[in-house]
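Numbering (the UniProt record's numbering), first residue to last: 1 to 647.
1) Distance, Cα to Cα, residue 263 vs residue 302?
2) CB residue 348 to CB residue 372, shorter than 9 Å?
3) Hey, could you find the ends of the beta strand (DSSP E) residue 205 is sitting in?
4) DSSP three-state call for residue 304: helix, strand or coil?
5) Check whether the Cβ of residue 528 lies closer than 8 Å to any heavy atom of the ligand MN, and answer yes or no.
6) Taking the alpha carbon of residue 184 as the point to measure from, which residue in 157, 239, 142, 417 has its own alpha carbon closest?
7) Comparing alpha-carbon positions, which option in 438, 92, 388 lies nearest residue 361?
8) What whole-angstrom Cβ distance do residue 209 and residue 195 have, given they're in contact under 8 Å?
9) Would residue 315 be called buried (16 or more neighbouring beta carbons within 10 Å of its own) or exposed?
10) Consult DSSP for residue 515 and reduce its assignment to one of helix, strand or coil.
11) Look at the Cβ atom of residue 272, then the Cβ atom of residue 247, and state whether they are nearer than 9 Å.
12) Inspect the beta-carbon positions of residue 455 and residue 510 and report whether they are closer than 9 Å.
13) Do residue 438 and residue 415 have their C-beta atoms closer together than 9 Å?
14) Do residue 258 and residue 307 have their CB atoms nearer than 9 Å?
15) Would residue 155 be called buried (16 or more neighbouring beta carbons within 10 Å of its own) or exposed?
16) Tell me the rounded alpha-carbon separation between residue 376 and residue 254.
17) For residue 149, count neighbouring Cβ atoms within 10 angstroms of its own Cβ and tell me buried if that reaches 16, exposed if not.
18) I'd like the ranges of any beta strand (DSSP E) spanning at least 3 consecutive residues and lying wholly in the stretch 303-365.
19) Determine, using beta carbons only, whether residue 225 and residue 192 come nearer to each other than 9 Å.
20) Let me check understanding here. Comparing Cα to Cα, which of 417, 279, 368 lies closest to residue 444?
21) Run through DSSP, which three-state label would residue 390 get?
22) Classify residue 650 as helix, strand or coil using the three-state DSSP reduction.
23) Rounded to whole angstroms, what's the CA-CA distance from residue 304 to residue 110? Just pull it up for me.
24) Should residue 420 be labelled buried (16 or more other beta-carbon atoms within 10 Å of its own) or exposed?
25) How is residue 531 classed by DSSP in three states: helix, strand or coil?
26) What residue range is occupied by the uninterrupted beta strand (DSSP E) comprising residue 120?
27) Could you round the C-beta distance between residue 407 and residue 424 to whole angstroms and report it? I think they count as a contact, below 8 Å.
28) By how many angstroms is the C-alpha of residue 412 removed from the C-alpha of residue 538?
29) Just the C-alpha distance for residue 431 and residue 494, rounded to the nearest angstrom, thanks.
30) Let me know the secondary structure DSSP gives residue 500 once reduced to three states.
31) Can residue 369 and residue 395 be called in contact, C-beta distance under 9 Å?
32) If you reduce the DSSP assignment to three classes, tell me which class residue 256 lands in.
33) Are there 16 or more other CB atoms within 10 angstroms of the CB of residue 318, so buried, or fewer, so exposed?
34) Classify residue 447 as helix, strand or coil using the three-state DSSP reduction.
35) Residue 729 and residue 172: beta carbons closer than 9 Å?
The following block contains the structure:
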């Protein structure tokens, strides 16, 4: 009964309010409205009987509505609930909830002392002619009008909400924010304008929101934020969210309008169209207190070497899923307080030595989902001595990592290398004694002796968790593999892909003999005998080679005389005429001398040496016999042969 009376009173008041506004506008157009005596009523009566009857009808309607409102007030005073259908009112906490109640207007019959009102999921549009203000609820601190049909915030609709802390008008159809949209909201701390169609914001829209701490403009159609005073009166702004818009540049002009050394600590610019970060993108000193910067899912391909110079206090940076082809080492080195860095989804092909230079406070690093990544240098993380958590996952081109790559990070306790293309891993790759979490699942592991350490740790973990694996052995150990109590290995999808007989089997379920390659004493003896035989053959071969060289040297010496004679014979057959030089220590017979050095009978014959026969210093054996024993006996005694000089 009270609901029907209240609804009737509300309809009467809305009708009268609307018509009075129309008449007021008409009066303003037709006259100056400053008459005396009868005032507006006399003027209306003078314009015609129809208008007078209309005015009298309006007054009558007001008098009808007044009792209804009084009746509602009496009902409220008696403690009767005065909530519209579909609403829940709690006067004990001064809160009303009218979510999804199919309301087309803001209810006026609620407790005027309300502090919290929820109007989410209704049909409220606040179009011209529809009462859309909260003036009767001056003590409101929390208003939720999300998921309605609002096309405009209007002007001065919240000017009496001087205590309002939170205003949520997200998921509506608002396209622009006017100058006085938030007039009077001097205590407002959180303003949510996300998921609208906002394209333009007046340069003075936030003049009154001096206490604003969080401004959410996610999922709108903002291309740029211009204006040198847009954020001028927001000294307490801490979080600015501009994700999922159409920004092509960092809104540096709007950021520059902030007061110097403003409290802004987080700027979220992910899912935009930003291409470049230049030296003025993040103005100083306005952003001197910035600690979090999210730039994921843009198209950034170029970062100026001084782009981050003003962000000395930055602790978290997200550059994931951009178009970077190399790690911006020089630019990042200015961020000496950086503790979290995400470079996932970029076009990086390698992570070079000291890629994160001077990032001594870096604790969390993500290098995942980079299809071009194929190599990581062994010294890539040497400067990151505080590193605690590293994630290198879903890089399908990464087939190997250097040994001991993580041993220079004493605080590292969590390594995630899931979904790469790693076929084999050694225990030396990871500091197992310090790790708490190790995830190497979804890799195409080749299960053989090289994974004995992993098989041992998995079996130990399964045994400790009271989930016995098949063929569990009593003593599960491996050389050089300790059993860290705190280490937890991710067992889900930790499977073998080769050899064929172990394909798709869980590492913890494969037989022990497939990973424990221990040899028997017989095998060792056979290998030793084979090695000894090979060594013996090698020594014999070396001995024969050396002996052969010595024999060849002896033969060459024995044939030295005959070889020299042959060489001399060749020299004798030369076309040049030999000249015999006699040495005084040589004894030659007169017969031999006379056989070659003849005394010419004539001067012509004396110079015709070319017609002479070649001298044979070693006559044949038959000739020697003719000469006598003297020749034959003289040759062996000769120590040197005549020296022949060719001229």
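Note that beta-carbon positions come from the ideal geometry of N, C-alpha and C, so glycine has one too. These numbers were taken from a predicted model, which means no experiment stands behind them.
Working from what's here:
1) Answer to the nearest angstrom: the Cα atoms are 28 Å apart.
2) Cβ distance < 9 Å, so residue 348 and residue 372 count as in contact.
3) For residue 205, no beta strand (DSSP E) run applies, since DSSP gives it neither H nor E.
4) It is coil, neither helix nor strand.
5) You won't find the ligand MN in this model; it holds no ligand whatsoever.
6) Nearest C-alpha to residue 184: 157.
7) Residue 361 has its Cα closest to that of 388, out of 438, 92, 388.
8) No, residue 209 and residue 195 are not in contact; Cβ-Cβ is about 20 Å, not under 8 Å.
9) With 16 or more neighbouring CB atoms inside 10 Å of its own CB, residue 315 falls in the buried class.
10) Correct three-state label for residue 515: coil.
11) In this structure, residue 247 lies closer than 9 Å to residue 272 by Cβ.
12) In this structure, residue 455 sits near residue 510, with a CB-CB distance shorter than 9 Å.
13) The answer is yes: Cβ separation under 9 Å.
14) The answer is no: Cβ separation not under 9 Å.
15) Exposed, by the Cβ-count rule.
16) Going from the Cα of residue 376 to the Cα of residue 254 covers about 40 Å.
17) Residue 149 is exposed by the Cβ-count criterion.
18) 316-318, 340-342, all fully within the stretch 303-365.
19) Between residue 225 and residue 192, the C-beta spacing is not below 9 Å.
20) Comparing Cα-Cα distances from residue 444 to each of 417, 279, 368, the minimum goes to 417.
21) Secondary structure at residue 390: strand, using DSSP grouped into helix, strand and coil.
22) As shown, the chain starts at 1 and ends at 647. That puts residue 650 outside it, with no answer to give.
23) Going by C-alpha positions, residue 304 is about 57 Å away from residue 110.
24) Under this definition residue 420 is a buried residue.
25) Looking at residue 531 - three-state DSSP - the assignment turns out to be helix.
26) Counting along the chain, residue 120 falls outside any beta strand (DSSP E), and DSSP gives it neither H nor E.
27) Between residue 424 and residue 407 the Cβ distance is about 18 Å, and since that is not below 8 Å, they are no contact.
28) Taking the Cα positions, residue 538 is about 51 Å away from residue 412.
29) Near 19 Å, if we compare the C-alpha coordinates of residue 494 and residue 431.
30) Under the three-state reduction of DSSP output, residue 500 falls in the helix class.
31) Yes.
32) Three-state result, residue 256: helix.
33) By the neighbour-count rule (16 or more Cβ atoms within 10 Å), residue 318 is buried.
34) Coil.
35) With the chain running from 1 to 647 in the structure shown, residue 729 is simply not present.
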